[in-house]
Amino acid sequence: MPVHCSTIISRSSSQVLAYLSRLHTRYPRHTLLFALSPNFPAPELSQLVTQLTTLCPTSIGCLSAPTHSADLISCSLAILESETCIPFRSSIAGIPQPQVGRWHSYRKKDEKPERPDWPNVWGRKEIVSTPLPLELQHLSPKDVSALLYFTDASPQGLTASFEAFPHATQLGLVATSTPFITGRPFTLFHGKDVHSSGAVGLALTDRPKATSTIEFTGLESLSEPMTVTQSEGNLVNLLDGRNPTQLLLTALQKSGIDMSLNQAFKDDVQFYLMRDGGNHVYAITAGDPSRGTIALHGEEGPRVGERVQFYRRPMSMSSRIAHRTSTPSANITFLVSDDAGQVFYGTEQEGITENSFLAASENGLVFEQGSVFKIPGGIATLSLPPL
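Residues 1 to 387 in the UniProt record's numbering are what the sequence shown spells out, letter by letter.
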């Protein structure tokens, strides 16, 4: 468990600086994990980043989205004993994202990707074994209880390498987009080094096993559970032996939603397929009423035999996630916000929440075995029990 864990919510960067100053001399041999929202003037941002990266001898962090309001700064801290965690930096390549404008130029010359041999990566259902980041290669699988990290939008290579730690609980946050703030697509911190791509994180050792949960707030059920009877990759061809697209349209009609197929996939509404148990949700990107197939976001969809349900979330619907009560465990919580600034956590109040590390991003979170979730209102928590 961290020796200190807190989230500071404030309208003033000077108040955050004052709080950090009080901690500055208390942890001379520790490691800091931090996330900071950059929604305040650049000179103040630089000052806060300097304070954070010098608070402890070792630090891992990222710039993240606001958690409580677009007008409130959020700064989260978790300070751990250095003997119980291993910081790491990864430049293992993942699946490339579509490049827009000048984004292709942001990879720095010193950030040569460690390209694994992934033949036909777009068509494969499994990623071949990938070497771990250098700092983790000496660790025994039984010694790693949790992996916490901040990443760019292509974490697939890193998460594939984590298969070396089958018993470790994993949680990652795709950092917020910062091209107009720092000139980098993402801003990741490894000590005093700043990176535009790859990932930074901590492997936690010598502690009781962490537990993790995920939930998706603001989603409305549209159907009863159905069984996947035919699928291929990210395409679902049959549900209960029937046309999935027609089933979705029928579910909309039964719910009192008058919508054509063309309207169903407009930007102001989102539809999902949720796997039984609620721990995996797939965004539906297209449907073909004649063939019946529905296409899902990502490389993989649910497998034949799995139970699923249709859900919807109107993009115009704001969501404010209820604040959770404190627990004996330290909670590391990642939230998926949205570009419109309509998904926030708790109330619009300034203050400090102890025993809680809360960070958000519109780019999604990575839960357990490499599944990236970008559904606004998605919230995942990793609980670290006391030692």
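C-beta atoms are modelled at their ideal positions from N, C-alpha and C, and glycine is treated no differently.
- Query: What first and last residue would you give for the beta strand (DSSP E) that runs through Gly157?
  - Reply: Position 157 of the sequence shown, counted from the start, is the residue given in the question as residue 157. Segment 156-161 is the alpha helix (DSSP H) holding Gly157; no beta strand (DSSP E) there.
- Item | Residues near Ala330 in its chain [Cβ-Cβ closer than 8 Å; skip 5 each side] | Stepping through the sequence shown from its first residue, residue 330 is reached at position 330. Counting only Cβ-Cβ distances below 8 Å, and skipping sequence neighbours, we find Met1, Pro2, Cys5, Ala78, Asn355, Ser356, Phe357, Ser383, Leu384.
- Message: According to DSSP, Cys85 sits in a beta bridge with which residue or residues?
- Response: Within the sequence shown, numbered from 1, the residue matching residue 85 stands at position 85. The partner list for Cys85 (beta bridge, DSSP) reads Leu204.
- Task: Could you work out which residue in Ser145, Leu273, Ala42 is closest to Arg312 when comparing CA atoms only?
- Result: The residue you call residue 312 lines up with position 312 of the sequence shown. It is Leu273.
- Message: Am I right that Thr7 and Cys85 are in contact with their C-beta atoms under 8 Å? What's the rounded C-beta distance?
- Response: Within the sequence shown, the letter at position 7 stands for residue 7. Within the sequence shown, the letter at position 85 stands for residue 85. About 19 Å separates the two Cβ atoms, so there is no contact after all.
- Can you tell me which of the three DSSP states Arg22 falls into? On the sequence shown, position 22 is the one that residue 22 refers to. Arg22 falls in the helix class under three-state DSSP.
- Query: Can you give the Cα-Cα distance for Lys125 and His24, rounded to whole angstroms?
  - Reply: On the sequence shown, position 125 is the one that residue 125 refers to. On the sequence shown, position 24 is the one that residue 24 refers to. Confidence in Lys125 is poor, its pLDDT being 42 and thus under 50, which makes the residue's placement too unreliable to answer from.
- Message: Looking at the secondary structure, which residues open and close the beta strand (DSSP E) in which Gln309 lies?
- Response: In the sequence shown, residue 309 corresponds to position 309, counting from 1. Counting along the chain, the beta strand (DSSP E) containing Gln309 begins and ends at 307-314.
- Message: Which residues does DSSP list as the beta-bridge partners of Thr187?
- Response: Locating residue 187 in the sequence shown gives position 187, where the first residue counts as 1. Thr187 pairs with nothing; no bridge assigned.
- Query: Between the stretch 173-187 and the stretch 50-68, do three or more beta carbon pairs fall short of 8 Å?
  - Reply: yes
- Quick one: is Arg29 buried, meaning 16 or more other Cβ sit within 10 Å of its Cβ, or exposed? Position 29 of the sequence shown holds residue 29. Answer is exposed; the Cβ neighbour count stays below 16.
- Item | Close Cβ partners of Leu81 (< 7 Å) along its chain, the five nearest in sequence each way excluded | The residue given as residue 81 occupies position 81 in the sequence shown. The sequence as given places Glu at residue 81; Leu does not occur at that position. Result list for Glu81: Val3, His30, in chain order.
- Query: Anyone know if the C-beta pair for Pro225 and Val304 falls short of 8 Å?
  - Reply: Position 225 of the sequence shown, counting from 1, holds the residue named residue 225. Position 304 of the sequence shown, counting from 1, holds the residue named residue 304. Not a contact, by the Cβ cut-off of 8 Å.
- Three-way DSSP call (helix, strand, coil) for Glu126 in this model: As a working note, residue 126 is residue 126 in the sequence shown. With a pLDDT of 47 at Glu126, under the threshold of 50, the modelled position of that residue is not reliable, and no figure is offered here.
- Task: Counting only the same chain and skipping the five closest in sequence on each side, list residues whose C-beta sits under 6 Å from that of Leu136.
- Result: Here residue 136 corresponds to residue number 136 of the sequence shown, with the count starting at 1. Hits under 6 Å: Phe88, Ala203.
- Query: If you run the structure through DSSP and keep just helix, strand and coil, what is Leu80?
  - Reply: Looking up residue 80 in the sequence shown gives position 80. Leu80 falls in the strand class under three-state DSSP.
- Message: For the stretch 136-152 against the stretch 188-208, do three or more pairs of beta-carbon atoms, one drawn from each stretch, fall closer than 8 Å, so that the two count as touching?
- Response: yes
- Task: Tell whether a beta-carbon distance below 8 Å holds between Ala160 and Thr130.
- Result: On the sequence shown, position 160 is the one that residue 160 refers to. On the sequence shown, position 130 is the one that residue 130 refers to. Yes; because the gap between Cβ atoms is below 8 Å, this pair is in contact.
- Item | Ser255 vs Pro302 beta-carbon contact at 8 Å | As a working mapping, residue 255 is identified with position 255 in the sequence shown. As a working mapping, residue 302 is identified with position 302 in the sequence shown. Cβ distance not < 8 Å, so Ser255 and Pro302 don't count as in contact.
- Output the distance between the C-alpha atoms of Arg275 and Asp288, rounded to the nearest integer angstrom. Stepping through the sequence shown from its first residue, residue 275 is reached at position 275. Stepping through the sequence shown from its first residue, residue 288 is reached at position 288. Near 21 Å, if we compare the C-alpha coordinates of Asp288 and Arg275.
- Item | Same chain, Cβ closer than 6 Å to Thr54, neighbours up to 5 away in sequence not counted | Translated into the one-based positions of the sequence shown, residue 54 becomes position 54. Closer than 6 Å at the Cβ level, and outside the excluded window around Thr54, lies no residue.
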